[in-house]
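Chemist: Residue numbers (our numbering), protein chains in the order written: chain L, 17 to 251; chain W, 17 to 251.
Backbone N, C-alpha and C fix where the C-beta goes; we use that ideal spot for every residue, glycine too.
Here you go, one structure.
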DNA sequence: TTGCAATTCAAACACTTGTTTGATACAGTT
DNA sequence: AACTGTATCAAACAAGTGTTTGAATTGCAA
């Protein structure tokens, strides 16, 4: 079994690249090992020789896509640096968060391979999803919650959930409110690739070029800021 | 070819019910006609006899799920009555919209079959998605845009997108802003079933019982209201 | 060169799965 | 009872697909 981490340009690397592309496009079930091998200019038996079987190749391809995505994407900074731009004010950190998230999801106007792979996992969760979440998504999400907590004015939230009559805002209330807000932000960031076919039909003019992503980030930023802070002042 | 619209409890009706359930759970590719026939207590040849082939059964099942969902769900009222609760104030209409949308997506704490089918279509669009959108989704979306337009204060939007220096807010600006808001609302409403496996891992306490859906609807309503109107006044 | 391990290859295998077939049973009509 | 169109059934078919196999090839070291 050869070294998987090395960046050889041999057949196993080509297999991984081809696997990422085709798994991302069609999902696990619809892709055939024959299609992958053809794309990678490799023999059909290469998959089993280098990875054991199709499922193991999928696993390796998923991680490969994650690592490859980290190479050329600022997302990794957000992931590993716990205090992402901690010096900037919270509202600006929120904008950077949203912008980075969107840029991470679209490339050349289309969803990235890793994004597509993750979206397929939403319909067909495997161990790869758990790994991705534990290794990356959870920290990003926690970071978002922190930004929002910094953003919330002292008095908030108005606590519609807790029907207790006491008007005091407990720390726990703030926490759960921040999580709700974080969910709303995540929803707005992820919706565009999760529901792309629907959006394309409802809003045919919607694009995901860098310029369009900038507009989108600005909108989500404003939208969220107004909701969390209770005002609508421009950035 | 027997009458498909009649509500016979014969094998073809049983096939449709079984097909909806299994297609919703596993998607088109992972479901086998054998599994459907077993669930429906029918012979394997029954699918081809009654529907021609697997794809045609899927199509029929999709429409069957849509019609069946309309039977016992207030969504159909929102769908067909163009002016959904037009007498109520806009903010209340927004709440009803969100609440109805969420109720339409979850039943017994789980995504409904039609919702699951639609989510699979996001990864694997077929003609069934086009039909669903043209017959139902587009009108609902248009309705949402109308509600939001009623909700927007006269001066809005602050137009971050149009970089033209003119400070006059054109009717076109309002329209595009309303569409962006509608996208944010849709995102918040659809996120919970589109990204369910991720949410379950990030927020394990999240539930979709009627009570939880009510809390969720209240949150989305407040969140949106604050963003669109630029205030945070309680309902 | 020789030997050896790693790799590649064409072919075949085993299994799943959508579809078809031809016979059989059923229900209603004449 | 005989006929007819509908429906069901067990069995088989044909194609696709993940996997295996055993030989051939390559790359490298002794």
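Since residue 166 (chain L) is in the alpha helix (DSSP H), which residue starts that stretch and which ends it?
Modeler: Position 150 of the first chain, counting from 1, holds the residue named residue 166 (chain L). Taken as a continuous stretch (DSSP letters only), the alpha helix (DSSP H) holding residue 166 (chain L) covers 154 to 167.
Chemist: Hey, residue 110 (chain L) and residue 192 (chain L) are a contact pair by Cβ (cut 8 Å); roughly how many whole angstroms apart?
Modeler: As a first step, residue 110 (chain L) is located in the first chain; it is residue number 94 there, counting from the start. As a first step, residue 192 (chain L) is located in the first chain; it is residue number 176 there, counting from the start. Going by Cβ atoms, the distance from residue 110 (chain L) to residue 192 (chain L) rounds to 19 Å, so no, they are not a contact pair.
Chemist: Run through chain W and tell me which residues come within less than 7 Å of residue 203 (chain L), C-beta to C-beta.
Modeler: Numbered from 1 along the first chain, position 187 holds the residue referred to as residue 203 (chain L). Ordered by position in chain W, the residues that pass the 7 Å Cβ test against residue 203 (chain L) are 203, 204, 207.
Chemist: Identify, in the order they occur along the chain, each residue of the same chain with its Cβ nearer than 8 Å to the Cβ of residue 223 (chain L), setting aside the five sequence neighbours on each side.
Modeler: The residue given as residue 223 (chain L) occupies position 207 in the first chain. Excluding sequence neighbours, residue 223 (chain L) sits near 125.
Chemist: May I have the straight-line CA-CA distance separating residue 145 (chain W) from residue 63 (chain W), to the nearest angstrom?
Modeler: On the second chain, position 129 is the one that residue 145 (chain W) refers to. On the second chain, position 47 is the one that residue 63 (chain W) refers to. Whole-angstrom Cα-Cα distance: 22 Å.
Chemist: Kindly indicate which residue of W:57, W:81, W:28 has the alpha-carbon position closest to the one of residue 39 (chain W).
Modeler: In the second chain, the residue the question calls residue 39 (chain W) occupies position 23. For residue 39 (chain W), the nearest C-alpha among the options comes from W:81.
Chemist: Which of the three DSSP states, helix, strand or coil, is assigned to residue 238 (chain W)?
Modeler: Position 222 of the second chain, counted from the first residue, corresponds to residue 238 (chain W). Residue 238 (chain W) falls in the helix class under three-state DSSP.
Chemist: Taking the CB atoms as reference points, tell me whether residue 160 (chain W) and residue 122 (chain W) lie closer together than 8 Å.
Modeler: Mapped onto the second chain, residue 160 (chain W) falls at position 144. Mapped onto the second chain, residue 122 (chain W) falls at position 106. No. Outside cutoff.
Chemist: Taking only three categories from DSSP, how would you classify residue 126 (chain W)?
Modeler: Your numbering for residue 126 (chain W) matches position 110 in the second chain. Three-state DSSP puts residue 126 (chain W) in a strand.
Chemist: Is the segment 68 to 86 of chain L touching the segment 195 to 213 of chain L in the sense that three or more CB pairs, one from each, lie closer than 8 Å?
Modeler: Because the criterion of three Cβ pairs below 8 Å is not met, the segment 195 to 213 of chain L and the segment 68 to 86 of chain L do not touch.
Chemist: Is it true that the CB of residue 207 (chain L) sits closer than 8 Å to the CB of residue 206 (chain W)?
Modeler: The residue you call residue 206 (chain W) lines up with position 190 of the second chain. The residue you call residue 207 (chain L) lines up with position 191 of the first chain. Taking 8 Å as the Cβ cut-off, residue 206 (chain W) and residue 207 (chain L) qualify as a contacting pair.
Chemist: So with Cβ pairs under 8 Å, would you call residue 175 (chain L) a contact of chain W?
Modeler: Here residue 175 (chain L) is taken as the residue at index 159 of the first chain, counted from 1. With a pLDDT of only 49 at residue 175 (chain L), under 50, the local geometry of the prediction cannot be trusted, and the value read off the model is given with reservation. Chain W, which has no Cβ nearer than 8 Å to the Cβ of residue 175 (chain L), makes this no.
Chemist: Taking the alpha-carbon of residue 237 (chain L) as reference, which of L:201, L:34, L:214, L:143 has the nearest alpha-carbon?
Modeler: Here residue 237 (chain L) is taken as the residue at index 221 of the first chain, counted from 1. Comparing Cα-Cα distances from residue 237 (chain L) to each of L:201, L:34, L:214, L:143, the minimum goes to L:201.
Chemist: So residue 107 (chain W) packs on residue 37 (chain W), CB below 8 Å; how close in whole Å?
Modeler: The residue labelled residue 107 (chain W) in the question sits at position 91 within the second chain. The residue labelled residue 37 (chain W) in the question sits at position 21 within the second chain. Contact doesn't hold; Cβ gap of about 38 Å is too wide.
Chemist: Enumerate in chain order the residues of its own chain whose CB-to-CB distance from residue 216 (chain W) is below 8 Å, with the five nearest sequence positions on each side excluded.
Modeler: As a first step, residue 216 (chain W) must be located in the second chain, where it is residue number 200. The answer, listed in chain order, is 222.
Chemist: Taking DSSP as the reference, what is the three-state secondary structure of residue 51 (chain W)?
Modeler: On the second chain, position 35 is the one that residue 51 (chain W) refers to. Helix, per DSSP.
Chemist: Would you mind sorting residue 170 (chain L) into buried or exposed? The rule is 16 or more other CB atoms within 10 Å of its CB.
Modeler: For the purposes of this step, residue 170 (chain L) is taken as the residue at position 154 of the first chain. Flag for residue 170 (chain L) reads exposed.
Chemist: What residues from chain L crowd round residue 145 (chain W), counting only those whose CB sits closer than 9 Å?
Modeler: In the second chain, the residue the question calls residue 145 (chain W) occupies position 129. Chain L residues near residue 145 (chain W): 213, 214, 217.
Chemist: On the three-state DSSP scale, how would you describe residue 28 (chain W)?
Modeler: For the purposes of this step, residue 28 (chain W) is identified with residue 12 of the second chain, where counting begins at 1. Correct three-state label for residue 28 (chain W): helix.
Chemist: Please confirm if residue 155 (chain L) has its CB atom under 8 Å from at least one CB of chain W.
Modeler: Position 139 of the first chain holds residue 155 (chain L). Cβ-Cβ to chain W under 8 Å: no for residue 155 (chain L).
Chemist: Quick one: what does DSSP say residue 105 (chain W) is sitting in, helix, strand or coil?
Modeler: Counting from 1 along the second chain, the entry for residue 105 (chain W) is found at position 89. Coil.
Chemist: Could you give the DSSP three-state label for residue 57 (chain W): helix, strand or coil?
Modeler: One-based indexing of the second chain puts residue 57 (chain W) at position 41. Three-state result, residue 57 (chain W): coil.
Chemist: Between the beta-carbon of residue 49 (chain W) and the beta-carbon of residue 164 (chain W), is there less than 8 Å?
Modeler: By 1-based counting over the second chain, the position of residue 49 (chain W) is 33. By 1-based counting over the second chain, the position of residue 164 (chain W) is 148. No, they are not a contact pair.
Chemist: Under a three-way DSSP split, which group does residue 170 (chain L) fall into?
Modeler: As a first step, residue 170 (chain L) is located in the first chain; it is residue number 154 there, counting from the start. Residue state, collapsed to three classes: coil.
Chemist: Just the chain W side, please: which residues come within less than 7 Å of residue 239 (chain L) by C-beta, in chain order?
Modeler: As a position in the first chain, residue 239 (chain L) is number 223, starting the count at 1. Result: 200, 243.
Chemist: Would the beta-carbon of residue 135 (chain L) fall within 8 Å of that of residue 210 (chain L)?
Modeler: For the purposes of this step, residue 135 (chain L) is identified with residue 119 of the first chain, where counting begins at 1. For the purposes of this step, residue 210 (chain L) is identified with residue 194 of the first chain, where counting begins at 1. For residue 135 (chain L) and residue 210 (chain L), yes; Cβs fall inside 8 Å.
Chemist: Along the alpha helix (DSSP H) that carries residue 213 (chain W), what are the first and last residues, could you check?
Modeler: By 1-based counting over the second chain, the position of residue 213 (chain W) is 197. First-last of the alpha helix (DSSP H) with residue 213 (chain W): 212 to 218.
Chemist: With a cut-off of 8 Å on the beta carbons, I'd call residue 138 (chain L) and residue 214 (chain W) a contact; round off their distance for me.
Modeler: For this step, residue 138 (chain L) is matched to residue 122 along the first chain. For this step, residue 214 (chain W) is matched to residue 198 along the second chain. The pair is a contact, with the Cβ atoms about 7 Å apart (cut-off 8 Å).
Chemist: Have a look at residue 158 (chain W) and residue 166 (chain W) and give me their C-alpha separation to the nearest angstrom.
Modeler: Within the second chain, the letter at position 142 stands for residue 158 (chain W). Within the second chain, the letter at position 150 stands for residue 166 (chain W). If I take the Cα positions, the gap works out to 13 Å.
Chemist: Alpha carbon to alpha carbon, how far is residue 15 (chain L) from residue 34 (chain L)?
Modeler: Shown here, chain L extends from 17 to 251; a query on residue 15 (chain L) therefore has no answer.
Chemist: Quick check on residue 58 (chain L): buried or exposed, where buried means 16 or more other Cβ atoms within 10 Å of its Cβ?
Modeler: One-based indexing of the first chain puts residue 58 (chain L) at position 42. Result: buried.
Chemist: Secondary structure at residue 226 (chain L), three-state DSSP: helix, strand or coil?
Modeler: Against the first chain, residue 226 (chain L) aligns to sequence position 210. Three-state result, residue 226 (chain L): helix.
Chemist: Name the two residues that bound the continuous alpha helix (DSSP H) containing residue 64 (chain W).
Modeler: Counting from one through the second chain, the residue named residue 64 (chain W) turns up at place 48. Here the alpha helix (DSSP H) through residue 64 (chain W) covers 62 to 67.
Chemist: Closer than 7 Å, Cβ to any Cβ of chain W: which residues of the segment 222 to 235 of chain L, in chain order?
Modeler: Result list: 231, 234, 235.
Chemist: Thinking residue 30 (chain W) and residue 61 (chain W) are a contact (beta carbons under 8 Å), I'd like their distance in whole angstroms, please.
Modeler: Taking the first residue of the second chain as position 1, residue 30 (chain W) is located at position 14. Taking the first residue of the second chain as position 1, residue 61 (chain W) is located at position 45. Incorrect: roughly 15 Å between the Cβ atoms, too far for contact.
Chemist: Does the Cβ of residue 156 (chain W) have 16 or more other Cβ atoms within 10 Å, making it buried, or fewer, making it exposed?
Modeler: The residue you call residue 156 (chain W) lines up with position 140 of the second chain. Classification of residue 156 (chain W): buried, given that the 10 Å Cβ count is 16 or more.
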